[in-house]
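Residue numbers (this note's numbering), protein chains in the order written: chain A, 1 to 342; chain B, 343 to 497. Ideal Cβ placement from N, Cα and C applies to all residues, glycine included. Take a look at the structure set out below.
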Amino acid sequence: MKLDLVEVQKLEGHSARVWNVAWNPAAAGVLASCSADKTVRIWEQSSLSRSWSCKAVLEGTHTRTVKSCAWSPSGKLLATASFDGKTCVWENFATDSECVSVLQVHESEVKSVSWNASGSLLATCGRDKSVSIWEIQPEDECYCVAMLLGHSEDVKMVQWHPTMDLLFSCSYDNTIIKVWWCEDEYGDYDCVQTLSESNNGHSSTVWVISFNAAGDRMVTCSDDRTVKIWGTDIKRMQSGEGYVPWTHLCTLSGSHDRAIYSVHWSRDGIIASGAGDDTIQLFVDSDSDSVVEPAYKLLLKKEKAHTTDINSVQWAPDKESRLLASASDDQTVKIWKLVSEP
Amino acid sequence: MTLGLINANPVVQAKKERLVRTQEDQYRDDGVDPLDIYEYVRDIRDPEHPYTLEQLSVLSEESVTVDDKLDRILIKFTPTVQHCSMATIIGLCLRAKLNERLPLHYKVDILVSPGSHADEDSVNKQLNDKERVAAAMENPNLRQLVDECIFSDEI
């Protein structure tokens, strides 16, 4: 049985490179894309024709590149992070997309935004080397509850853990991935772990962090052209044992020959990566007999997936559709389907 | 912005004679010629001095290497002094000029010549971080300076 990633549709409309795509976790077939053209586009799949079209263009609020977009867990809100230093929260997409909150705390470009599992907290990060945490109150009021300093360089991405309020951040600062946790009732976040080159970490800028469904594995990708898998005993942490450190499990190298800009772990266990070599690659647990060392293998390599660099890959949140979205410097978003050929 | 010039007394070479390229030289159906790339960048003006990068020996024909099979271009440039803070600007100029001229699928890497800069690794990292370069080019002051350097031959 052979697997292939088949291109379902190419979404055109952005007038500059597309940096990020995000599937709505609650509304099937809805995705957001954001671009250097300063806009965010919402794409929806028609129930009749099954093809996607652009339903809304969010513009006029960000004055520079929009680098990252993320849906709240309810799917009702979309947060967007921009080089203009602002993070915006939008709602009401069906009728008239409206920017309901503007979060401004970073001194320079904001690079990433992430919602926690319950949608009560938002995290942002940027070139000012800081990570901010915001509480979302009723009526969409947002309050900055923490500014975390610890990275020595530009912070590229923040990502909340899928089940616990653990925040992860990764950076330009030669490798560092930091884990932030608020252990006490006072709401103070501390850096509880740093994963650097000496912990088998990356040797250059880390671009993305993504978790598996269970939350006991994490995958990261880097300028160093490798993908790394990390793991922890999350059950121990969930049962209140205190912080349980993450350790390096596996490094995948040699299949991408340019910087890897994005990686995403699907609900059914497939890791997708997108890189500056214009390829999308899929990896899975190789089910090796080795108990000591988990191993992952390359499942599929899609060459020339786009005309140039791929900046973002994201699996649709449901398990059945096996759809993957990709965003590229070629100004397009593509929808792919993972199919089995007999 | 520093008030004094980083390198007040650069060594300037005479403008190099242009090789007259024949029809045969120019006809190549198998990828891009490094000399074509060099033509695009040799006349970029230095950010501080009214001379081209070629005249200041920041660039020479040897600066450009091309991997034809993979459509990848490598440019190594030599800042005039070891602590040149203009190195990142020169790198941005090179990238901006090539972005203008090259088809989308070409990959361009820009490095300082080994040993030519005190913060070699740091400069190289900045010059090749696509996101940092994109953000820098959105800074209007920087964009204006870069445009002045890359379009100077057309004024």
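Classify residue i as buried or exposed, calling it buried when 16 or more other Cβ atoms lie within 10 Å of its own Cβ.
| i | result |
| --- | --- |
| A:Q314 | buried |
| A:R127 | buried |
| B:T344 | Note that B:T344 scores a pLDDT of 44, beneath 50, so its modelled location is shaky; the value from the coordinates is reported in the next line. Under this definition B:T344 is an exposed residue. |
| A:H62 | buried |
| B:P392 | exposed |
| B:R384 | buried |
| B:G433 | buried |
| A:T332 | buried |
| B:V353 | exposed |
With a threshold of 7 Å on Cβ separation, who are the neighbours of residue i within its own chain once the five nearest residues in sequence on each side are excluded?
| i | result |
| --- | --- |
| B:R370 | At B:R370, the pLDDT of 48 sits below 50, so the modelled position is not reliable; the number obtained from the coordinates is stated separately. Taken in chain order, the list of residues that qualify is empty. |
| A:A275 | H256, R258, A259, I260, Y261, I310 |
| A:R322 | K337, L338 |
| A:G13 | R41, C54 |
| A:D188 | C182 |
| A:S108 | G85, G126, R127, D128 |
| A:K156 | K111, S112, C170, S171, Y172, T205, V206, W207 |
Considering only the beta carbon of each residue, do residue i and residue j sit closer than 7 Å?
| i | j | result |
| --- | --- | --- |
| A:T124 | A:V102 | no |
| B:I417 | B:P389 | no |
| A:W265 | A:N200 | no |
| A:I86 | A:Q104 | One detail in the question is off: residue 86 of chain A reads as Lys in this sequence, not Ile. Contact flag set, yes. |
| A:C88 | A:A32 | no |
| A:E59 | A:T39 | yes |
| A:K302 | A:I280 | yes |
| A:V132 | A:C142 | Sequence check: residue 132 of chain A is Ser here, not Val. For A:S132 and A:C142, no; Cβs fall outside 7 Å. |
| A:A22 | A:I42 | no |
| B:K439 | B:I492 | yes |
| B:H447 | A:T194 | no |
| A:E197 | A:S171 | no |
| A:K304 | A:S286 | no |
| A:R191 | A:W207 | The sequence given here places Cys at residue 191 of chain A; Arg does not occur at that position. Against a cut-off of 7 Å, the Cβ pair of A:W207 and A:C191 comes out as no contact. |
| A:F83 | B:A477 | yes |
| B:C435 | B:I386 | yes |
Kindly list the residues whose CB is nearer than 8 Å to the CB of residue i, restricted to its own chain and excluding five residues on each side of it in sequence; keep chain order.
| i | result |
| --- | --- |
| A:D318 | A28, R267 |
| A:G231 | D216, R217, M218, W246, T247, L249, P294 |
| A:Q9 | S51, W52, K334, I335 |
Within 7 Å (strictly less), CB to CB, does residue i reach chain E?
| i | result |
| --- | --- |
| B:E442 | In the structure shown, chain E cannot be found, because the protein chains are A and B. |
For residue i, which residues in the same chain have their Cβ closer than 6 Å to its Cβ, ignoring the five residues on either side in sequence?
| i | result |
| --- | --- |
| A:S204 | S222, D223, D224 |
| A:S210 | V219, V263, H264, W265 |
| A:V284 | I270, L299 |
| A:D173 | H151, S152, E153 |
| A:V30 | N24, E44 |
Any heavy atom of the ligand HEM closer than 6 Å to the CB of residue i?
| i | result |
| --- | --- |
| A:V6 | Only the bare structure without any ligand can be found here, which leaves the ligand HEM out of the picture. |
**Message:** Residues of the segment 103-130 of chain A in Cβ contact with chain B at a cutoff of 9 Å, in chain order, please.
**Reply:** S108, E109, K111, R127
**the segment 6-24 of chain A in contact with the segment 303-323 of chain A per 3-pair CB rule at 8 Å** = yes
**Prompt:** Which residues, taken in chain order from the segment 289-320 of chain A, show a beta carbon closer than 9 Å to some beta carbon of chain B?
**Reply:** K304, T307, T308, D309, N311
**Message:** Please identify, using Cβ separations under 8 Å, the residues of the segment 204-229 of chain A that lie next to chain B, in order along the chain.
**Reply:** S204, T205, D223
**Message:** With three or more beta-carbon pairs closer than 8 Å as the criterion, would you say the segment 111-118 of chain A touches the segment 67-81 of chain A?
**Reply:** yes
**Message:** Please identify, using Cβ separations under 9 Å, the residues of the segment 15-40 of chain A that lie next to chain B, in order along the chain.
**Reply:** Within the segment 15-40 of chain A, the residues whose Cβ lies closer than 9 Å to some Cβ of chain B are R17, W19, A36, listed in chain order.
**Request:** Select from the segment 236-249 of chain A all residues with a C-beta closer than 9 Å to any C-beta belonging to chain B, and list them in chain order.
**Result:** none
**Prompt:** When Cβ atoms are compared, which residues of the segment 70-93 of chain A fall closer than 7 Å to chain B?
**Reply:** F83
**the segment 38-69 of chain A: positions lying closer than 7 Å to chain B by Cβ** = Result list: R64, T65.
**Prompt:** Between the segment 443-457 of chain B and chain A, which residues of the former have a C-beta closer than 7 Å to a C-beta of the latter?
**Reply:** L446, H447, K449
**Item:** Residues of the segment 264-277 of chain A with Cβ closer than 9 Å to any Cβ of chain B, in chain order
**Value:** G276, D277
**Prompt:** Taking Cβ-Cβ distances below 8 Å as the criterion, which residues of the segment 322-338 of chain A are in contact with chain B?
**Reply:** D329, D330
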